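In UniProt numbering, the protein residues as written are 1 to 557. The C-beta atom is built at its ideal place from N, Cα and C for all residues, glycine as well. Predicted model, so just to flag it, every value in this text is computed and none were measured. What follows is a short report on a single structure.
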Amino acid sequence: MGITEQQCVRKGCVWLENFPGPWCQTADSPYIPSMFELGFDKLTDEQYATLQYAILSFFALSFAVLFGSSKFMINAEFIVIGILFVLAWITRYHNIEHPKEVVFDEYYFGHFANSYCNGTYVFDIHPPLAKLTHYFVGSLMGQKCTMDFHGKDELSKYSDYDQYVPYRRISAFFGTLAVPLAYLIGREFKLSVQASVLLGAIMLCDSLLLSETRLVLTDSQLFFYIILSIYCALKLWNSKDRSFSRNFWTVATAVASGCAFCVKFTALATLGWIAFVTYLAVYTHRKPIGILRCFVAAAISAVVFSIPFYFHIALGKHSSDADWNIDLEHQQLLIGNANYNPRAVPPSFISHLIYLIKRMLEQNAASLGDHPYASFWYEWIVGKGALLSYSEHREDEDWHGHIFIVSNVFICYSILLAFFVFFPIAFTMLRGRVSFRLSARETHFLKTGFLLFLGWIANLLPYALVARTTYSYHYLPGQFYGMVMVCLIFDEVPHLFFSLFFSGEQLERILHKARAVVAILLFVGLFWNYFYYSCFSYGFGLDNLEYSKRKWIVSGL
1 MGITEQQCVR
11 KGCVWLENFP
21 GPWCQTADSP
31 YIPSMFELGF
41 DKLTDEQYAT
51 LQYAILSFFA
61 LSFAVLFGSS
71 KFMINAEFIV
81 IGILFVLAWI
91 TRYHNIEHPK
101 EVVFDEYYFG
111 HFANSYCNGT
121 YVFDIHPPLA
131 KLTHYFVGSL
141 MGQKCTMDFH
151 GKDELSKYSD
161 YDQYVPYRRI
171 SAFFGTLAVP
181 LAYLIGREFK
191 LSVQASVLLG
201 AIMLCDSLLL
211 SETRLVLTDS
221 QLFFYIILSI
231 YCALKLWNSK
241 DRSFSRNFWT
251 VATAVASGCA
261 FCVKFTALAT
271 LGWIAFVTYL
281 AVYTHRKPIG
291 ILRCFVAAAI
301 SAVVFSIPFY
311 FHIALGKHSS
321 DADWNIDLEH
331 QQLLIGNANY
341 NPRAVPPSFI
351 SHLIYLIKRM
361 LEQNAASLGD
371 HPYASFWYEW
381 IVGKGALLSY
391 SEHREDEDWH
401 GHIFIVSNVF
411 ICYSILLAFF
421 VFFPIAFTML
431 RGRVSFRLSA
441 RETHFLKTGF
451 LLFLGWIANL
461 LPYALVARTT
471 YSYHYLPGQF
481 YGMVMVCLIF
491 DEVPHLFFSL
501 FFSGEQLERI
511 LHKARAVVAI
521 LLFVGLFWNY
531 FYYSCFSYGF
541 GLDNLEYSKR
551 KWIVSGL
């Protein structure tokens, strides 16, 4: 039975005569949801919780942009970092046990971590650090390695809290750290406090990162190590030659880079970006970093990259269903394998390492199969290519739950807008350098903007050129450069405008107020968006009408 026009209106919907579009609920009674009915009186418990988080985040970060740079606040920087950390912790760990079933690639990464725990052989197209982290830390947190992730053809439900929640908590921890770290990166890029807080807020509300950090997946670790590498590199570039600080940040950059590369090979784009900027001495205002120091850092990174492979080899002594990925020479080392030879002499660690990397790259290149949720780079940048990782429908309760891994449409278009705004400004500045010498601020703006664009492109280009199956989460590292660009434009455009009329301390006071007002207005949109569409990150259910109001967001524009 269809509904009447009066019933449609009572549901808060807009009735359209003879409307044949995709919003039709039945063939004979088409209607579309009204986007203007807020419906606060009909919120579920989950919606009410996320609304509370959104309101708390709005007021906390509004306080940060208003007073974060005030001189009367003691340790204001630490207060802002603390606020971002607490908000990130709350939003990442909320109801993390849901869904209580194997979601998307938990089927693989949960199985890999359990295989280490049970001493069976593991083979994956990605290096082992993230999977080992799940195993080692999960064991300390009480993880039970009893779940047989590959026991059935379909995804299974978890029977015990300790079979999966410790692993998810590890992913959430890295996703939590990424938010205050984004603020610190903004400050190292010489962004204002308001712009840096805005960067943290964008990270906090990003649906792509939020969805990834709440499941047994490895991209939250990859993303954290990548932006940690950027932060350490910025500290290195701003350090004095022959100082303890330069030595410390050289080692820190090398270690962070090695960790990033040992999670996924795709980190190479950012590591190459760091090497490029270091070699050109773009941000080093004193003596450039020496070539010898660069080689030492590369050597440290190589050692850090190799160490997890030692544990990977040492833990996987018994045969598993992954044996077919390696040749007979290596199969004979696995206890229980049909080709096992107790007298076989194992290869040296270096030889074994080189062989494993070679096989990983070969299998990675062979990832060419069709997938219903595969997507392309040109879809990611406009918020398309949603990857449905969880779906549950209880028709008798009119309950529909989904988790989508996809970038936020509003953030994606903000990034594109920021790039479109940057280039006319940059080219105008470059044209005017003939008549007026560029100031230090303008020079920094140009260098930072062009390098952010380079980082964004460098992280997209491999997926445009390499013929392999790609997914929306591959945009995580590249998207970060775009987020920083948004905040760079947020900082510079008001300065360009108000500097025409004011100068000195008066200019700084006006800029502080203007940026604070704009940031707070942006927070309204960011946190409303977080609240309204959080169902697609947390996976809580909505009725069919409420789901229909929101489903456009996961399809892009």
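Where residue i falls, given that 16 or more other Cβ within 10 Å makes a residue buried
| i | result |
| --- | --- |
| residue 435 | exposed |
| residue 88 | buried |
| residue 384 | buried |
| residue 92 | buried |
| residue 167 | buried |
| residue 544 | exposed |
| residue 243 | exposed |
| residue 596 | As shown, the chain starts at 1 and ends at 557. That puts residue 596 outside it, with no answer to give. |
| residue 20 | Residue placement at residue 20 is flagged as unreliable, the pLDDT there being 42, under the threshold of 50; the coordinate-derived value follows with that caveat. So residue 20 counts as exposed. |
| residue 506 | exposed |
| residue 371 | exposed |
| residue 219 | buried |
| residue 115 | buried |
| residue 395 | exposed |
| residue 439 | exposed |
| residue 361 | exposed |
| residue 48 | exposed |
| residue 179 | buried |
| residue 239 | buried |
| residue 504 | exposed |
| residue 420 | exposed |
| residue 22 | Since pLDDT at residue 22 reaches only 38, below the 50 mark, its modelled position is unreliable, and no value is offered. |
| residue 432 | exposed |
Residues near residue i in its chain [Cβ-Cβ closer than 6 Å; skip 5 each side]
| i | result |
| --- | --- |
| residue 309 | 353 |
| residue 58 | 523, 527 |
| residue 228 | 256 |
| residue 234 | 188 |
| residue 552 | none |
| residue 278 | 289 |
| residue 64 | 80, 83, 197 |
Residue-level contact to chain D via CB, residue i, 9 Å cutoff
| i | result |
| --- | --- |
| residue 195 | No chain D appears in this structure, which consists of one protein chain only. |
Own chain partners of residue i with C-beta closer than 8 Å, once the 5 adjacent residues on each side are dropped
| i | result |
| --- | --- |
| residue 496 | 425 |
| residue 550 | 532, 533, 535, 536, 542 |
| residue 261 | 127, 267, 268, 271, 301, 305 |
| residue 94 | 49, 50, 53, 538 |
Proximity of residue i and residue j at Cβ, strictly below 9 Å
| i | j | result |
| --- | --- | --- |
| residue 85 | residue 177 | yes |
| residue 530 | residue 60 | no |
| residue 148 | residue 217 | no |
| residue 66 | residue 490 | no |
| residue 226 | residue 453 | no |
| residue 455 | residue 273 | yes |
| residue 340 | residue 347 | no |
| residue 109 | residue 76 | no |
| residue 501 | residue 511 | no |
| residue 175 | residue 186 | no |
| residue 266 | residue 230 | no |
| residue 400 | residue 538 | no |
| residue 488 | residue 181 | no |
| residue 170 | residue 138 | yes |
| residue 381 | residue 475 | yes |
| residue 258 | residue 302 | yes |
| residue 128 | residue 311 | yes |
| residue 304 | residue 414 | no |
| residue 161 | residue 102 | no |
| residue 387 | residue 375 | yes |
| residue 377 | residue 460 | yes |
Chain-order list of residues whose beta-carbon lies under 7 Å from that of residue i (same chain, five-residue window excluded)
| i | result |
| --- | --- |
| residue 51 | 43, 531 |
| residue 333 | 344, 346 |
| residue 111 | 149, 150 |
| residue 366 | none |
| residue 469 | 367, 368, 369, 371, 374 |
| residue 516 | 65, 66, 194 |
Are at least three pairs of beta-carbons, each pair with one atom in the segment 444-458 and one in the segment 271-282, less than 8 Å apart?
yes
Flag this pair as touching only if the segment 119-126 and the segment 307-322 have three or more C-beta atom pairs under 8 Å; answer yes or no.
yes
For the 8 Å Cβ check, are there 3 or more pairs between the segment 400-411 and the segment 193-211?
yes
Along the chain, which unbroken stretches of the alpha helix (DSSP H) at least 4 residues long are found entirely within the segment 519-554?
535-538, 544-550
Between the segment 288-301 and the segment 248-264, do three or more beta carbon pairs fall short of 8 Å?
yes
Uninterrupted alpha helix (DSSP H) stretches inside the segment 404-465 (no shorter than 4 residues)
409-432, 440-465
Where in the segment 300-373 do unbroken runs of the beta strand (DSSP E), each at least 3 residues long, occur, reported from the N-terminal end onward?
none
Whole alpha helix (DSSP H) runs in the segment 97-124 with 4 or more residues, listed along the chain?
106-118
For the segment 228-290, which segments carrying the alpha helix (DSSP H) assignment without a break, of at least 4 residues, lie completely within its bounds, in sequence order?
244-261, 268-280
4 or more residues per run - each alpha helix (DSSP H) lying fully within the segment 474-527
476-498
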